[in-house]
Amino acid sequence: MDQFTIVPYSVSPSTIQVIRSNRIPHAEEVEEISQSIDAAQSVRTGLASQITAAQLALLQLQRLDDNAMQHIRRCTGALSPIRRLPPEVLSRIFHFYHQNCFSSVSTFGREPLFHSDRIWTLGEICSYWRSVAVTTGHLWSTFQFTCKGRPQKTEAALAWLLRAGNYPLTFSFACAGHGSAVVDCDVFKALLSRGDRWRNAVFTIPQFFLPAVGALKGRLPILEKLHYTNGSQSAPPIPLLDAFSVAPMLHDLSLSDILASVPAILPWDQIEHYSGDQFDNMRNHVLGIAPNINTFVLNSPHGPAVTAVTHQLKKLDFRSGYHTLACLTLPALKILHFRGVDSTHITRLLTRSGTALTDLHIESFDLALHNILDVFEITPALTSLTLLANRATFQATGAANDYIFIRLTPKRFRAARTGTWPVLLPRLQRLTATGLPASDAFVHMLESRVVATDENVRLESVLLRDVVVVPSEHAYSYARLQELANLTGMAVAIHGIVHPLRRSGV
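The opening position of the sequence shown corresponds to residue 14 in this note's numbering, with each subsequent residue numbered one higher.
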């Protein structure tokens with residue numbers, strides 16, 4: 014309807030002026046306006062049914078358009094190249110997905126091995142993808158089961174194992190129940206029947222599990238990694254681990270809560286990686302019977318009775334017991350992880366070994382103790398440093414904390430009053446730290462080493478987690494830290510912030 018259309022409720026020009034103004038209309042104008050209102054109401058009444066009919070027609074047209082669009086999408090999908098992929102190629106793609114969504118073997122045994130929802134994500138695309146996923150054995154070759162007597166879980170686990178087909182198995186099995194629960198466990202029996210496909214195995218089981226395991230002797234041709242934790246309070250007899258004495262590919266071993274003399278029956282000549290917490294100090298110390306070991310994770314306070322020189326050990330992960338450190342000489346050591354040990358013992362070990370350490374990981378790092386500087390002074394070749402700070406050190410004075418950071422700052426970036434000592438860790442390239450305070454000295458050290466033009470002191474990457482900010486002292490320093498991260502792009506990454514003193518009443 015344009016502006017020249019005459020409508021039934023039109024009024025005279027004089028009445029229009031009344032409508033547009035504040036003038037009081039005359040009696041004739043009042044009558045004309047009333048008649049115009051009645052006419053407009055009649056027009057609306059007549060249009061209502063037409064509008065409803067038009068809306069229904071529009072809705073029908075929209076439905077027709079939606080149906081046509083859905084048909085186009087379905088037909089386009091049918092012509093998509095991925096629909097023509099043979100099951101073998103699609104299965105290979107699923108295999109790649111499997112490798113990127115599951116925990117790596119390096120963390121096997123310390124993290125959940127799988128999330129079944131991730132596997133079924135593939136099957137949610139369409140029935141074809143679901144059938145391919147179910148028949149892709151590699152997707153189901155990573156397995157975790159805890160024996161709790163639940164039939165539904167048992168059925169699901171058996172179906173999982175069945176889908177794995179003939180693929181090598183990476184699995185974790187745990188049972189802390191009574192002997193009958195283990196012996197009657199169908200999942201346990203299914204695992205034993207597939208011993209020739211064990212590749213990585215983690216057990217947390219009581220000793221009465223082991224007699225049945227004895228049937229596996231000579232049937233473990235591809236077993237590479239074995240983690241065994243005794244689930245009983247008493248240690249298992251030696252012969253019960255004899256099943257693992259014949260495993261030609263076994264090179265990664267972890268034994269926890271095992272009788273001290275058990276290690277003697279295992280294929281120690283093959284072992285390259287070992288973690289454990291009990292062994293026979295007098296006769297069967299691991300470092301004495303495993304000539305090719307290069308990674309040693311020790312959780313026990315017990316140490317060897319005699320001095321041990323291990324020329325091939327490259328990585329030592331040490332959690333407790335300085336007596337062992339006092340008896341070791343490790344000239345090939347490159348990677349050292351430790352916690353709960355006075356750094357003085359670490360300094361003596363490194364000095365005695367004369368090794369060029371390249372990777373140092375310190376848990377429960379205490380900023381208040383200066384003797385860690387002795388470790389830094391004898392490790393000039395260090396390229397990677399990880400510090401997990403002890404929260405208790407935040408009660409230390411700022412001077413004690415700053416002293417360590419000042420020694421890590423290149424000399425030309427230091428204030429004159431802070432001394433002229435050579436910079437520690439001159440070749441440091443990667444710094445990972447958790448729980449360090451955002452003090453001025455710490456931020457200044459990072460700024461100087463991240464932007465340094467000298468490649469010998471420049472940090473290539475910094476990863477900070479849970480940076481501690483005391484609002485009254487570190488707020489400005491933390492702002493500088495964020496600015497440093499923004500300016501350097503990927504060189505500095507910050508995840509998390511902690512306000513230790515931000516509590517009610519503080």
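Note that the Cβ used here is the ideal one computed from N, Cα and C, for glycine as well.
Predicted model, so just to flag it, every value in this text is computed and none were measured.
Do residue j and residue i have their beta-carbon atoms positioned less than 7 Å apart in this structure?
i: V456; j: R493; result: yes
i: S397; j: R443; result: yes
i: A454; j: D479; result: no
i: V388; j: I359; result: yes
i: L338; j: L311; result: no
i: R210; j: L182; result: yes
i: F309; j: L329; result: yes
i: L254; j: A214; result: no
i: A260; j: L236; result: yes
i: E44; j: T28; result: no
i: A49; j: V24; result: The sequence as given places Ser at residue 49; Ala does not occur at that position. In this structure, V24 lies closer than 7 Å to S49 by Cβ.
i: N305; j: K327; result: no
i: F378; j: L400; result: yes
What does the alpha-carbon distance come out to for the pair residue i and residue j?
i: Q68; j: G59; result: 15 Å
i: S116; j: A465; result: Summary for S116: the model assigns pLDDT 45, below 50, so the residue's position carries little reliability; its value from the coordinates is reported in the next sentence. About 37 Å.
i: L441; j: L263; result: 35 Å
i: H128; j: H374; result: The predicted model places H128 with a pLDDT of 49, which falls under 50 and marks its position as unreliable; any figure quoted below should be read in that light. Straight-line Cα distance between these residues: approximately 30 Å.
i: F222; j: N243; result: 10 Å
i: G367; j: A169; result: 54 Å
i: V470; j: P439; result: 5 Å
i: H324; j: P94; result: 57 Å
i: I32; j: I64; result: 28 Å
i: L126; j: R425; result: Unreliable positioning characterises L126 in this predicted model, as indicated by a pLDDT of 44, which lies under 50. A coordinate reading is not provided.
i: V200; j: T134; result: 25 Å
i: A409; j: A381; result: With a pLDDT of 45 at A409, under the threshold of 50, the modelled position of this residue cannot be trusted, and the question is left open.
i: Q283; j: Y491; result: 50 Å
i: Q75; j: S140; result: 30 Å
i: T445; j: S452; result: 16 Å
i: C198; j: L370; result: 48 Å
i: L355; j: C340; result: Correcting the residue type first, residue 355 is Asp in the shown sequence and not Leu. Distance between the alpha carbons of D355 and C340 is about 15 Å.
i: L472; j: H151; result: 41 Å
i: V56; j: R87; result: 46 Å
i: M82; j: N179; result: 45 Å
i: S193; j: L171; result: Low local confidence applies: a pLDDT of 48 at S193 is under 50, so the model's placement there is unreliable, and no value is given.
i: V481; j: G208; result: 50 Å
i: S474; j: N499; result: 13 Å
i: R460; j: R427; result: It is Glu, not Arg, that sits at residue 460 in the sequence shown. Taking the straight line from one Cα to the other gives about 12 Å.
i: S104; j: N384; result: 56 Å
i: N80; j: Q30; result: 53 Å
i: V147; j: G136; result: 8 Å
Let me confirm a value: residue i is counted as buried when at least 16 other C-beta atoms fall within 10 Å, else exposed. Which label applies?
i: L174; result: buried
i: S144; result: exposed
i: M458; result: buried
i: L77; result: exposed
i: C188; result: buried
i: S288; result: buried
i: H522; result: What the structure shows of the chain is the stretch from 14 to 519, and residue 522 is not part of that stretch, so it cannot be assessed.
i: P234; result: exposed
i: S185; result: buried
i: L71; result: exposed
i: P219; result: buried
i: D265; result: buried
i: G90; result: exposed
i: W153; result: buried
i: W522; result: Residue 522 lies beyond the residue range present for the chain, which begins at 14 and ends at 519; the question has no answer from this structure.
i: V20; result: exposed
i: P450; result: buried
In the DSSP assignment, find the unbroken alpha helix (DSSP H) run with residue i in it and report its ends.
i: S141; result: Rather than Ser, the amino acid found at residue 141 in this sequence is Tyr. Taken as a continuous stretch (DSSP letters only), the alpha helix (DSSP H) holding Y141 covers S140 to T148.
i: F201; result: D199 to L205
i: L60; result: A40 to A91
i: H350; result: Premise fails: H350 lies in the beta strand (DSSP E), I348 to F351, not in any alpha helix (DSSP H).
i: A214; result: Unbroken run through A214 is the beta strand (DSSP E), W211 to I218; no alpha helix (DSSP H).
i: H457; result: D453 to V463
Along the chain, where does the beta strand (DSSP E) containing residue i start, and where does it finish?
i: F184; result: L182 to A187
i: H286; result: H286 to G289
i: K161; result: Note, K161: premise wrong, no beta strand (DSSP E); not H, not E.
i: S267; result: D265 to S269
i: V480; result: S474 to V481
i: A369; result: Neither: A369 is in no beta strand (DSSP E) and is coded neither H nor E.
i: S1; result: Shown here, the chain extends from 14 to 519; a query on residue 1 therefore has no answer.
i: S397; result: S397 to A402
i: A225; result: Premise fails: A225 lies in the alpha helix (DSSP H), L223 to V226, not in any beta strand (DSSP E).
Please confirm whether any heavy atom of the ligand ATP lies closer than 6 Å to the CB of residue i.
i: V31; result: Looking at this structure, you won't find the ligand ATP or any other ligand, since it has none at all.
Since I believe residue j is in contact with residue i (beta carbons under 8 Å), could you give me their beta-carbon distance rounded to a whole number of angstroms?
i: R332; j: R352; result: 6 Å
i: F107; j: T149; result: 5 Å
i: L205; j: A225; result: 6 Å
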